[in-house]
Amino acid sequence: MTSILERWFPFTKRAEPLQPGMYASQPAPDAPIPYRLHLRLEPDGSGVLLVNAATVLHLNASAAAHALELIRGVPAEAAAAAVRRRFRVSRGRALADQRDLRQQILRLATQPDLDPVVFLGMERQEPRATRPSAPYRLDLALTYATDPDGALDPQASRRVDRELTTDEWKGLLKSAWAAGIPHVTFTGGEPTRRPDLAELIAYAQDLGQVSGLLTQGRRLAQSEYMATLSAAGLDHILYSLAPDDATSMAGLRVALASDVFTAVHLILPRTLPETRAIFEQLKAMGVPAVSLTVTEPGGAGRALLPEARELLARLGLDLVWDLPAPYSHLHPLKLEVESHREGGGRSWLYVEPDGDVLATQGLGGVLGNALRDPWADLWARAAA
Numbered sequence: 004m005t006s007i008l009e010r011w012f013p014f015t016k017r018a019e020p021l022q023p024g025m026y027a028s029q030p031a032p033d034a035p036i037p038y039r040l041h042l043r044l045e046p047d048g049s050g051v052l053l054v055n056a057a058t059v060l061h062l063n064a065s066a067a068a069h070a071l072e073l074i075r076g077v078p079a080e081a082a083a084a085a086v087r088r089r090f091r092v093s094r095g096r097a098l099a100d101q102r103d104l105r106q107q108i109l110r111l112a113t114q115p116d117l118d119p120v121v122f123l124g125m126e127r128q129e130p131r132a133t134r135p136s137a138p139y140r141l142d143l144a145l146t147y148a149t150d151p152d153g154a155l156d157p158q159a160s161r162r163v164d165r166e167l168t169t170d171e172w173k174g175l176l177k178s179a180w181a182a183g184i185p186h187v188t189f190t191g192g193e194p195t196r197r198p199d200l201a202e203l204i205a206y207a208q209d210l211g212q213v214s215g216l217l218t219q220g221r222r223l224a225q226s227e228y229m230a231t232l233s234a235a236g237l238d239h240i241l242y243s244l245a246p247d248d249a250t251s252m253a254g255l256r257v258a259l260a261s262d263v264f265t266a267v268h269l270i271l272p273r274t275l276p277e278t279r280a281i282f283e284q285l286k287a288m289g290v291p292a293v294s295l296t297v298t299e300p301g302g303a304g305r306a307l308l309p310e311a312r313e314l315l316a317r318l319g320l321d322l323v324w325d326l327p328a329p330y331s332h333l334h335p336l337k338l339e340v341e342s343h344r345e346g347g348g349r350s351w352l353y354v355e356p357d358g359d360v361l362a363t364q365g366l367g368g369v370l371g372n373a374l375r376d377p378w379a380d381l382w383a384r385a386a387a
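Here the sequence shown is numbered in the numbering used here, starting from 4 and rising by one per residue.
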């Protein structure tokens, strides 16, 4: 999934960056379509915009300038004039861009089941071209207990000796939001084994954070449980699918029927005919995006990856490679190995069940603990 609307907001002249920091707006009581906006401006002028704590938009500098004027409540024509002066574009171009941005935000605010991460005026990898002032995302391993029986992965049980309490996780979420971190993904182990998962999702939603879930999905086969997570404010799911398991397939159908954006994670290797059949089945079910990993760097799955990518493109399924993979002592090799390693510690951080922070799952040493160390210090250590 590369840039959308990439015709928007190209650079014409580099302007002096706006003041970095967090900016927010709340809907007016009489707004016909109320929506909340949070904008994090980076020192280089680029930004991250959150719409209704449900979608993250990565913005280049000119798009971020347009968004800031909107958050400040400036009318479209005056906002366009301000951006026009900064970037020396025509009046018509600036006004069209401002109106386009407002229409895009309205669409994101009113249409359910959307990709939780959108890129305006840039490619998906561009936010990692320069290191941001804070992570774009935290991957929060709530537990290393796994389905179906709650057993711990043997490697995981040697890494941690306790899980954070509900209040400790809430404190971590609050401090992350205060540090400007807009997006969290609840992972594990199997995070649905935590009885407080919906409570934590709702807490993140109240703060303003976008929240996702990485799950094997067995509990999602219970439609009431899926409805509870959706009502709490869950924004997206990465569903680790076992295609040969009836319960896993049932849970996927329930997730797809909800208003939560659901992508599917698959592990290769399989034969090419098997892979094609699974992809075609996912397409028929309405799956919008797929994440792929392989279990061995030099194995058969690795050889299948180029053909698997081509199959996905032919079917119109997006390939998502910058979301977390499930914890395993056979840690899957991401399809985009270099991008995964560059993203860990550059775009996101990984938090273990006891609060220890890593650059990314399975890579590097412990940077510190989120209960003790400020996020700015943890982020600085990840760059070292």
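From the three backbone atoms N, C-alpha and C, an ideal C-beta is built for every residue, glycine too.
Problem set entry | Limits of the beta strand (DSSP E) - the one that Asp-359 falls within | 359-361
For this session: For Ser-28, name the three-state secondary structure that DSSP assigns.
Result: strand
For this session: Would you mind working out which of Pro-138, Ala-154, Glu-166, Asp-150 sits nearest Trp-180, comparing C-alpha positions?
Result: It is Pro-138.
Exercise. Could you give the residue range of the alpha helix (DSSP H) that holds Arg-102?
Worked result: 94-113
Exercise. So who's on the other strand from Arg-43, going by DSSP bridges?
Worked result: For Arg-43, DSSP records a beta bridge to Met-25, Val-51.
Problem set entry | Where Ile-184 falls, given that 16 or more other Cβ within 10 Å makes a residue buried | buried
Exercise. Comparing alpha-carbon positions, which option in Ala-70, Leu-21, Gly-211, Ala-97 lies nearest Leu-109?
Worked result: Ala-70
For this session: May I have the straight-line CA-CA distance separating Arg-162 from Ala-112, to the nearest angstrom?
Result: 41 Å
Exercise. The beta strand (DSSP E) with Gly-183 in it runs from where to where?
Worked result: Note, Gly-183: premise wrong, no beta strand (DSSP E); not H, not E.
For this session: For Glu-341, count neighbouring C-beta atoms within 10 Å of its own C-beta (all shown protein chains included) and say buried if the count is 16 or more, exposed if not.
Result: Low local confidence applies: a pLDDT of 41 at Glu-341 is under 50, so the model's placement there is unreliable, with the coordinate-based value given in what follows. Result: exposed.
Exercise. Which term fits Arg-375, buried or exposed, when burial requires 16 or more other beta carbons within 10 angstroms of its beta carbon?
Worked result: exposed
For this session: Starting from the Cα of Ala-201, find the closest Cα among Leu-210, Gly-236, Arg-384 and give me that residue.
Result: Gly-236
Exercise. Roughly how many whole angstroms lie between the Cα atoms of Leu-223 and Tyr-38?
Worked result: 29 Å
Problem set entry | Beta-carbon spacing of Thr-218, Ile-240 below 8 Å | yes
For this session: Measure the alpha-carbon distance for Leu-21 versus Leu-145 and round it to whole angstroms.
Result: C-alpha separation (whole angstroms): 37 Å.
For this session: Report all residues from its chain with a CB closer than 8 Å to the CB of Ala-258; omit the five preceding and five following residues, and keep chain order.
Result: Once the five neighbours on either side are set aside, the close Cβ partners of Ala-258 are Gly-220, Leu-223, Met-229, Ile-240, Tyr-242, Thr-265.
Exercise. Quick one: complete beta strand (DSSP E) runs, 3+ long, within the stretch 153-224?
Worked result: 186-190, 213-218
Exercise. Nearest-angstrom Cα distance between Trp-382 and Ala-280?
Worked result: Cα-Cα distance, rounded: 42 Å.
Problem set entry | Exposure of Ile-36, with buried meaning 16 or more beta-carbon neighbours within 10 Å | Answer is exposed; the Cβ neighbour count stays below 16.
For this session: Quick one: give me the first and last residue of the alpha helix (DSSP H) that Asp-142 is part of.
Result: No alpha helix (DSSP H) holds Asp-142; the beta strand (DSSP E) holding it covers 140-144.
Exercise. Would the beta-carbon of Leu-141 fall within 8 Å of that of Val-187?
Worked result: yes
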